[in-house]
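One structure is given below, encoded as structure tokens.
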Amino acid sequence: MAPPAQSQRSASPSQPSGKGEVSDLKSQLRQLAGSRSPGVDDSKRDLFKKVISYMTIGIDVSSLFGEMVMCSATSDIVLKKMCYLYVGNYAKVNPDLALLTINFLQRDCKDDDPMIRGLALRSLCSLRVANLVEYLVGPLGSGLKDNNSYVRTVAVMGVLKLYHISASTCIDADFPAMLKHLMLNDPDTQVVANCLSALQEIWGSEASTSEEASRERETLLSKPLVYYLLNRIKEFSEWAQCLVLELAAKYVPSDGSEIFDIMNLLEDRLQHANGAVVLATIKVFLQLTLSMADVHQQVYERIKAPLLTLVSSGSPEQSYAVLSHLHLLVMRAPFIFSSDYKHFYCQYNEPSYVKKLKLEMLTAVANESNTYEIGLQAKMLSWENLDSVVVGDLVSVTELCEYAANVDIPIARESIRAVGKIALQQYDVNAIVDRLLQFLEMEKDYVTAEALVLVKDLLRKYPQWSQDCIAVVGNISSKNIQEPKGKAALIWMLGEYSQDMHDAPYILESLIENWDEEDSAEVGDLISYVKGRSYEKFDRYTGLNVLVRLHLLTAVMKCFFKRPPETQKTLGAALAAGLADFHQDVHDRALFYYRLLQYNISVAERVVNPPKQAVSVFADTQSSEIKDRIFDEFNSLSVVYEKPSYMFTDKEHRGPFEFSDELGNLSMGAESTGTVVPAQRVEANDKDLLLGTSEKEDSRGPSTNGSAYSAPAYDTSSVSASSQMLSELVISNSTVPAHASQSSLAIDDLLGLGLPVATATAPAPSPPSLKLNSKAVLDPSTFQQKWRQLPVSLSQEYSISPQGVAALTVPQSLLRHMQGHSIHCIASGGQSPNFKFFFFAQKAEASSAFLVECVLNTSSAKAQIKIKADDQSASEAFSALFQSALSEFSVP
Amino acid sequence: MISQFFVLSQRGDNIVFRDYRGEVQKGSAEIFFRKVKFWKEDGQEEAPPVFNLDGVNYFHVKVVGLLFVATTRINVSPSLVLELLQRIARVIKDYLGVLNEDSLRKNFVLVYELLDEVIDFGYVQTTSTEMLKSYIFNEPIVVDAARLQSLGPAGIFMQGSKRMPGTAVTKSVVATEPGGRTREEIFVDIIEKISLTFSSSGYILTSEIDGTIQMKSYLTGNPEIRLALNDDLSIGRGGSSIYGYRSSSESGAVVLDDCNFHESVRLDSFDTEKTLSLVPPDGEFTVMNYRMTQEFKPPFRMNTLIEEAGSLKAEVIIKIRAEFSSSITANTIMVMMPLPKYTIRYCSNCLYHLIR
């Protein structure tokens, strides 16, 4: 069988124009379709290859559909595969012709070779044609029961595909139940893993409409299932392991010993060469130990080495992903990497995205060194060394960048900013100020500009450094600074410290004289940028030039009040130039100053030159709520983007298990339990809300923690609890589940799965007069808004029963308890002895909401309650309700 | 779970394009390429490996100049997808013997076959070269390895790549030898990347070794293999600061800061005998990665001197001294010195001294 001559070139086609070639192929395929001569398969292979290569480069070959199908009657498996690929790609646009393929695909589904069966089934399900779903149910059903595991894995995925084509067909055929059965019984781990993925997706999206599905979804997090999968984890492929670990990270263990069992079981996963497995394991460890601060601390120590190994062993792309996670961790616990800062030194051949992250790491690590209080003197010394080393290194980075100036200017800028950030967050800024001042003396345009901006910020925060800074800044000629940002910073300093800078008025004067230059520079830029067609940048550029002129006006005003005789003339010139300016803002500001001066000079002085307070925190730092959300979404894109997922995904494309996403926009009552789980885990470190992380971790004595996980008294299988709360029925006669099975690693009993495990205990008394909506919904932003707007309608202090205090060792239990009373938690945090919760509730018949801030102190056994309500009159009744709910809270 | 997978050439052509879920628009490859190509106007920054554009997350890794890309709308684990892309590239290399644009274009049907089995509806099924063997029916069209530009050991220092692209072995795992016989071969590479920073006075500021043991097995019948490491090897530094004072030279022991292993590696006798036992799967894989910051004797020492020789001229003297015995030869030594972009001209003088 000699291959045809054209086969040599067939695989690497030059870009064909399309039409002619396609019709050529069409006739050739026709000729072959009926042929039974020997060697026809080889010719077909070549033609098919051509078709597929056209398809790949984006040429529409859908017109060949009929011919392709006709040629598909073959026993050659390579041909079959190519044909399946083609059909899968074009069936959607050719639904009528797709019907032609059903026949041979169905026949292949019954082939003796399991390989053919699997392939055919996969292709059949990949057609994505809605009116063909009736042909899928039969083959899928038998595929799920096939004795070959390959066919079963394909069939499980097929069910998921069917669900996406027609959800109702999939549900009606009872496929989810079959998948669940397979998941628990199939010997092949890939089948099990596929079932898990499929069920997560199916129940995840059904949960919003079907109560049963949402209950089923909860059972995926039940103890028996999680243990069953974890016990077999080593049999799974590395990718399936990630899936199981992701599931385990959502699991809420009932007590401390369970946590340790799981961690011991997974310990060796941290040594896996696949970074995805390691990160997924780390997520499990971090999530499990959130309520146990000292163990959490140990986890940080334990995960450090594997993470650093991942950074250095993988491709730069993988390092990037891991470094993003390290950055997140270091923000939460800066001290963990403080001795490993050298790992974050940049190597010159690293891509810029890695360098950038490493610089951020250095910044973050250095931040903590002085603010974090360490008792030991020795450590203190090492901190101080650290500063100089880090700063020294950053300087060497900049020096390096000077040489590689063409590539690394952005990195150089970043590193100067990094030095500045370090300076802004530390108390002892002496060395760093020196360093910045040295930057200024380097007389590099971009270095000077960045450094000036930083010196300005530094002075706003530490005015006491003005003497040293001014001495250097005063020597800088404004002519040397090209970048508007830097120029504006310099002008600000000239105005602010004109009393200390001898020739400030004269520098300003010369700047005013060149007022028009600012314009002409602009025109020049305009021309160059319009030529470059980069309008966006142009806008930014002019904006900054305007910034310079605005700053100039203000600076001259300030200078005038400090040194009137020297500045008077300059001020006049500045105002005149400002009034003549074509830019509206500049004109208006000049006019405003002019009239202000006319009206009353002392008022003007108070407006322009008020005494300033040092800035303690700059506003651009991220809110702690956002940070916590990102931490909850550890090992996901949220960490890389530094945004919670609701900011970058559409609702329908959330991951199957990303409950936390919905916190942003709660809509389903059924989902509210899910959202509360991560919310409880929030360990906010906003000072106002809670204690700072560093303080927490520092002040943590063993005493408070010992109890956190050695409290066996608390025994609620939280999953069953939450699944219970999911069903609204339960809320009226809330029963506390007593799922008594104690943790042990080898749980084989899966009988409990899916069965309701609640054994009744005392039903809660039904609430008095006021009825609350059990499915109340409020999204956090609305909550915040309301909290700001509404006055406090009631403020009270209750005392908590000793049982309540005991139960509070696991704060989550309170949230569950309160939810049982239709009072939902929206945020919580704190560490023993102080806990803070924000609750909300809604009236059953009206949308009127109650907002509660509840501060619990376990050592004094007191609860301070602040209630805000839409309907003030009902707040008394609600307070009573809240109090009664709280008083019932105790160890279940 | 991912939505699409595609491989783009350096010029942005689709070499392979597979849509698994139909959730992302068809033109994504073009959108992606344009974004990466023009990430920053000044061209001074590379696009990060992960970014989001209109709700679509794009992941990419660069392998031998090709862009391996995955897209998804879901918030997935970035390391999982990036690892997967890297692994797909490796599996393809196992089957094609040589991974480059030419071999991919010639074998794209085989690659589609692989992609069908590696991922189903966006979920990873397997990336094991061995398991995939039974599903693959295309014969690879072998590309002449000689046409592959030789990276040489200096390839390590190429921008962005930390590792050499595996061994020099360019044999497909499925191709049979001309005589129909298969040779019983196994290749074990130990690749170490040593990073050192010297102060201007020649004092070592930082030192680190990142190493990896890679294996490529063509053994039939999958026999068990035992790999013995140094007897005096130990892992971890007992929680103390790894930059703490500890004179390792006294004990002579090799202390790894940390390491990780391929899942086929069994560590039963690691603690006592420092032996790894494994049944090597087909294809290329990493047996072990390790990392070391212990003080060690650097293979080279370096001294630099910069002198201003006039207002527009500088003289740089770099002294590199090999610290190993003269019986060992270093094959390819490359010295790179970045220069400012306003450098007009340079001239270099190399002086070699053989020191006995």
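If you read the sequences in order, they're chains A and B.
Take the first sequence: its letters are residues 1 to 892, numbered as in our numbering.
Take the second sequence: its letters are residues 1001 to 1356, numbered as in our numbering.
Ideal Cβ placement from N, Cα and C applies to all residues, glycine included.
Look at M183 of chain A here: in three-state DSSP terms it is helix. Apart from sequence neighbours up to five positions away, the residues of its chain that approach F1017 of chain B with a beta-carbon distance below 7 Å are F1006 and A1029, ordered along the chain.
The alpha-carbon of L326 of chain A is positioned some 40 Å away from that of V546 of chain A.
Note: L1278 of chain B is bridge-paired with B:I1225 and B:V1265 in the DSSP secondary-structure output. Going by C-alpha positions, E1273 of chain B is about 10 Å away from L1233 of chain B. In the structure shown, the three-state DSSP call for H327 of chain A is helix.
In the structure shown, Q1025 of chain B adopts coil according to DSSP, grouped into three states. Residue state for R1018 of chain B is assigned as strand, using DSSP reduced to three classes. Using a CB distance below 7 Å, the part of the region 1078-1106 of chain B facing chain A consists of P1078, S1079, L1080, L1082, E1083, Q1086, R1105 and K1106, ordered along the chain. Straight-line spacing of the CA atoms in P316 of chain A and M647 of chain A works out to 26 Å. For D503 of chain A, not one C-beta of chain B is nearer than 7 Å to its own C-beta.
For the C-beta of G275 of chain A, the chain B residues within less than 7 Å are, from N- to C-terminus, S1079 and E1083. For A120 of chain A, the CB contacts under 6 Å within the same chain, skipping 5 residues up- and downstream, are L105, D108 and C109 in chain order.
In this structure, the beta-carbon distance from H272 of chain A to L308 of chain A does not fall below 7 Å. Residue pairing by DSSP puts H1060 of chain B in a beta bridge opposite B:V1069.
In the DSSP assignment, Q31 of chain A falls within the alpha helix (DSSP H) that extends over K19 to A33. Not flagged as an interface residue toward chain A: G1283 of chain B, since no C-beta distance is shorter than 7 Å. Under the three-state reduction of DSSP, L1256 of chain B is assigned to strand. Sequence-distant Cβ neighbours of L270 of chain A in its own chain, meaning closer than 8 Å and more than five residues away, are V278, T281, I282, R302, I303 and P306. The Cβ of D1120 of chain B sits closer than 7 Å to at least one Cβ of chain A. At a cut-off of 7 Å between C-beta atoms, V1050 of chain B counts as an interface residue with respect to chain A. Taking 8 Å as the Cβ-Cβ cut-off, the region 96-110 of chain A has no residue approaching chain B.
For Y1203 of chain B, the nearest beta carbon of chain A is not closer than 7 Å to its own beta carbon. Shown here for A1047 of chain B: same chain residues with a beta carbon closer than 6 Å to its own, the five before and five after excluded, namely V1036 and W1039 in chain order. Secondary structure at K1193 of chain B: strand, using DSSP grouped into helix, strand and coil. Think of a sphere of 9 Å around the beta carbon of H1262 of chain B: the chain A residues whose beta carbon falls inside it are H272, A273 and N274, in chain order. Taking a beta-carbon distance threshold of 7 Å, D650 of chain A counts as an interface residue toward chain B. For D340 of chain A, the three-state secondary structure derived from DSSP is helix. Nearest CB-CB separation between L856 of chain A and chain B: not below the 7 Å threshold.
Every alpha helix (DSSP H) of 4 residues or more that sits fully in the region 44-107 of chain A is shown, in chain order, as 65-71 and 77-90. Under a 10 Å Cβ-count criterion, F1324 of chain B is classified as exposed, with fewer than 16 other Cβ atoms of the shown protein chains found around its own Cβ. Within the region 160-193 of chain A, contact with chain B at the beta-carbon level (separation under 7 Å) is assigned to L160, K161 and Q190.
The three-state reading of DSSP puts V805 of chain A in helix, counting H, G and I together.
The beta carbons of K44 of chain A and C71 of chain A sit closer together than 7 Å. Contact of I57 of chain A with chain B is assigned, a C-beta pair being separated by under 7 Å. Here I259 of chain A is not near V244 of chain A, since their CB atoms are 7 Å or more apart.
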